[in-house]
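Sequential numbering of the sequence shown, starting at 9, is according to my numbering. Note that CB positions come from ideal geometry on N, CA and C, so glycine has one too. In this text the structure is predicted, and so the values were computed from the model without any measurement.
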Amino acid sequence: MIKSRICEILGIKYPIFQGGMAWIADASLASAVSNAGGLGLISSINAGTEAVRNEIRKCKELTDKPFGVNIMLQAPNAGEIAQMVIEEGVKILTTGAGSPAQYMESWQAAGIKVIPVVASVALALKMQSIGATAVIAEGAESGGHVGELHTMALLPQVVDALDIPVIGAGGICDARGAAAAFILGADAIQVGTRFLAAEECTAHENYKEKILKATDISTIVTGKTLGHPVRSLKTPFSKTFAKMESDPSVKPEEILSFGTGALRKAVKEGDVNGSYMAGEVAGMVKKIEPAKDIVEDLILGAENLLRGTDKFLA
Ligand code: TUI
């Protein structure tokens with residue numbers, strides 16, 4: 009069985025995290041992943057701080073296994089969420105889209121294990137030096153907010169630089185990707201896009217249908233000119249967004265206001281004018297299935313592949 013130090017540290021059976029997908033990662037999905045032996049995560053991007061508090065309380069009722077909360081650091085209510093998770097007794101946090109340095113002291117005083125997403129070796133080293141339990145090295149194959157480096161280059165460089173555990177993320181969708189991440193030195197994997205097709209994922213059925221229909225070239229990165237690059241499915245919305253960005257007569261404020269609320273519209277309403285965030289692996293997601301089957305396909309499948317690696321040797 010694949011075991012790593014992160015399983016012991018967090019009290020989980022399998023070294024797999026579910027991505028803390030904005031508007032999507034709720035108590036339903038997080039508890040299903042935690043009950044399956046992975047680490048379920050609740051997103052802090054939802055209908056406000058109290059809505060997230062509710063999801064945390066629901067999740068506690070749905071599972072007695074460890075789960076965490078992902079804090080999107082660029083959200084306007086990030087400070088409020090940072091305090092609320094302490095009040096709710098959350099034990100594990102992941103953070104994204106920035107540095108959580110300003111919150112570390114208060115989280116550590118509350119006994120919270122903090123696992124920041126990093127997109128570079130420099131930030132990874134800083135996170136280790138201020139007491140992170142582990143880091144998630146997330147390559148730009150991933151959906152949503154992306155850094156510059158891709159997993160194949162980022163993950164081994166972060167692994168080499170740190171002593172604490174490293175979770176590999178970005179572009180991992182099946183057992184092959186999982187096995188590759190473990191070979192690159194990951195102590196665990198994080199998977200987002202494939203969990204969009206989990207039965208327990210409450211995203212609108214149009215979102216799920218778009219993921220199932222996606223191909224290898226279905227995603228695009230927009231938002232670079234605004235300093236906030238985001239990978240999503242190519243749709244009339246994202247194509248218009250890209251056109252606006254390349255038109256010098258369109259002001260950044262206009263582009264920003266065009267994008268506001270687009271993810272919520274996609275997740276909650278299945279609106280064609282929504283933003284359907286997804287990773288490059290969307291084309292590999294072929295069916296709706298229980299979260300438990302996804303967890304086991306990835307982890308038990310990776311184990312079988314790793315056992316069979318001697319086939320490459322003479
Ligand atoms: O955070 C994510 N992915 C996200 S957040 C999100 S919410 C959203 N909603 C509406 C519009 C746009 C976004 C959707 N997807 N992933 C974690 C992640 N963090 N990926 C990359 C990074 C990152 C990048 C640079 C982390 C730190 C960083 O460092 C910069 C610095 O401050 O040094």
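By the neighbour-count criterion, in which a residue is buried when 16 or more other Cβ atoms sit within 10 angstroms of its Cβ, valine 280 is exposed. Distance from the CA of alanine 270 to the CA of tyrosine 284, rounded to the nearest whole angstrom, comes to 8 Å. Closest in C-alpha terms to valine 98, from the list Gly200, Gly48, Lys247, comes Gly48. The Cβ-Cβ distance between leucine 81 and alanine 187 does not fall below 7 Å. For glutamate 297, the beta-bridge partners assigned by DSSP are Ala206. Not one heavy atom of ligand 1 sits closer than 6 Å to the Cβ of serine 254. Distances from the CA of threonine 159 to each of Val258, Pro74, Val289 were compared; the closest alpha carbon is that of Val289. Take the alpha-carbon of serine 240 and the one of glutamine 26: they are about 18 Å apart. By the Cβ criterion, the region 36–48 is not in contact with the region 156–172, since fewer than three pairs of Cβ atoms, one from each stretch, lie closer than 8 Å. Between the alpha carbons of isoleucine 79 and lysine 319 lies a distance of about 42 Å. In this chain, the alpha helix (DSSP H) harbouring threonine 248 covers 244–254.
For the region 159–202, the continuous beta strand (DSSP E) assignments of 3+ residues that do not extend past its boundaries occur at 174–177, 196–199, in sequence order.
Restricting attention to Thr103, Ala310, Gly119, Lys73, the CA atom closest to the CA of isoleucine 94 is found in Gly119.
Under the DSSP assignment, leucine 101 falls in the beta strand (DSSP E) whose first and last residues are 100–104.
Going by C-alpha positions, isoleucine 219 is about 37 Å away from glycine 139.
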